[in-house]
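Residue numbers (the working numbering): 713 to 1113.
Here it is in structure tokens:
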């Protein structure tokens, strides 16, 4: 539709990333059906599947019990998020040996903008092959990727999905939008046929319009998003779903979120406690508080909310704590002179914040849990490490919080 748009984007998508990292680290897993799971229980779901496992119909989100039924020889390995972040950083560094990375889209996706001297189809095919060879040689031979090249980032991402694993697809402007009609999804051809105005009406005034223009080869500026919450959740292993163990995990998640809040320079006005119960029920409750960064303040609110959850007297399958209504620290309002009164709430909060920051420094230097609040309860708490969430890659510092 637009023949004058040059190739502007190279999009790289790592194939079955978590499972491929495990196969790279554990040679005994290579060539075998493997899934990665968050905890060692059949009641959870796969967060990644190797291509050998996908051949049996196993996908991300497949319950482990069902995956084992589909493949009797299936190997289930626990997630190691620290390793996935480490390999991600090595892969990004390798890509940047060949071309600057414009945007890290997720733990397994990066996008690179092509300059005027880099948009020849023959050049980008050679560039893509060099990137693939570099990853295999300097990061790991079992880490395969698909690469898509197109006039817009969205179409380059779609091109990635057209040939997996280890694919390379180039879509030039003169091939749009007809090249996309081969996709099995009917939404994309239908959206293109509507035109920008009707697409905006159908998909939302802004997003539908933006989608139509980018699918037909026009570059559209990104929309800035705002950080609105910081939180962590944990699926509990079956032996640690009683109220006492779940509460210990919730406290640890709260402290972890508070530490990350301070490290990123934010304060929060709301705390949300949410849980999935073993009987299939759900729980969610929140409490507003004065804008703060103080771990002690957050724990007091968590204690109050937990009493409401404990009243349900049931085992807990998943627990999460989120700090919301966040804003850059320093925007808090309050009578600062009241902090001279040692019994005033603001004075107590100031002392708590100083202690919280001291704990952050100690844990960063000596490792997670070097200093914490309350008992660790021995082996009663599941490992609460950093987790890779949708479109969010934890900093390595987060593995020490």
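For glycine and all other residues, C-beta sits at the position ideal for the given N, C-alpha and C. Here the structure is a predicted model, which is why all the values come from computation and not from measurement.
- If the five residues before and after residue 862 are omitted, its C-beta is found closer than 7 Å to the C-beta atoms of 719, 721, 868, 871, 883, all from its own chain and listed in chain order.
- Annotated three-state conformation of residue 735 is helix, per DSSP.
- Leaving aside the five residues that flank residue 777 on each side, the residues in its chain whose CB is nearer than 6 Å to its CB run, in chain order, 754.
- If you draw a straight line from the Cα of residue 993 to the Cα of residue 887, it comes to about 50 Å.
- In the three-state scheme derived from DSSP, where H, G and I count as helix and E and B as strand, residue 856 is classed as coil.
- Annotation for residue 826: no beta strand (DSSP E) segment contains it, and DSSP assigns it neither H nor E.
- Comparing alpha carbon positions, the residue from 1011, 731, 851 closest to residue 744 is 731.
- With contacts defined by Cβ atoms closer than 9 Å, residue 1021 and residue 983 do not form a contacting pair.
- Using a Cβ-Cβ distance cut-off of 8 Å, the segment 948-960 and the segment 762-775 are not in contact, since fewer than three pairs of beta carbons, one from each stretch, lie closer than that value.
- With contact defined as three or more Cβ pairs closer than 8 Å, the segment 769-789 and the segment 821-840 are not in contact.
- CA-to-CA, the gap between residue 748 and residue 806 works out to about 25 Å.
- In chain order, 989, 993, 995 place their CB closer than 8 Å to the CB of residue 1024, counting only its own chain and leaving out the 5 sequence neighbours on each side.
- Here residue 942 is actually not in contact with residue 724; their C-beta atoms are around 28 Å apart, not less than 8 Å.
- For residue 717, there is no enclosing beta strand (DSSP E), since its DSSP letter is neither H nor E.
- Along the segment 772-806, the beta strand (DSSP E) occurs as fully enclosed runs of 3 or more residues at 787-790, listed in sequence order.
- Here the segment 847-854 does not lie against the segment 818-834, with fewer than 3 beta-carbon pairs under 8 Å apart.
- In this structure, DSSP gives residue 989 an extended state, which the three-state scheme calls strand.
- In the three-state reduction of the DSSP assignment, residue 744 falls in the coil class.
- Under the 10 Å beta carbon count, residue 790 is surrounded by fewer than 16 other beta carbons and is classified as exposed.
- Residue state for residue 873 is assigned as helix, using DSSP reduced to three classes.
- Residue range 955-975 is occupied by the alpha helix (DSSP H) that includes residue 957.
- A direct Cα-to-Cα measurement between residue 961 and residue 973 gives close to 18 Å.
- In chain order, 754, 786, 788 place their CB closer than 8 Å to the CB of residue 780, counting only its own chain and leaving out the 5 sequence neighbours on each side.
- Per DSSP, residue 833 is one residue of the alpha helix (DSSP H) stretching across 833-850.
- Under the three-state reduction of DSSP output, residue 810 falls in the coil class, being neither helix nor strand.
- Annotated as proximal: residue 1017 and residue 997, with beta-carbon spacing under 9 Å.
- Cβ-Cβ separation between residue 727 and residue 857: approximately 6 Å, consistent with a contact (criterion under 8 Å).
- The criterion of a C-beta distance shorter than 9 Å is not satisfied by residue 1033 and residue 750.
- A straight-line Cα-Cα distance of about 19 Å links residue 879 and residue 817.
- Counting along the chain, residue 766 sits inside the alpha helix (DSSP H) bounded by residues 763-766.
- A buried status is given to residue 796, since no fewer than 16 other beta-carbon atoms sit within 10 Å of its beta-carbon.
- Using a Cβ distance threshold of 9 Å, residue 944 and residue 969 count as a contacting pair.
- At the C-beta level, residue 949 and residue 1007 stay beyond 9 Å of one another.
- Taking the Cα positions, residue 999 is about 9 Å away from residue 985.
- Residue pairing by DSSP puts residue 821 in a beta bridge opposite 725, 818.
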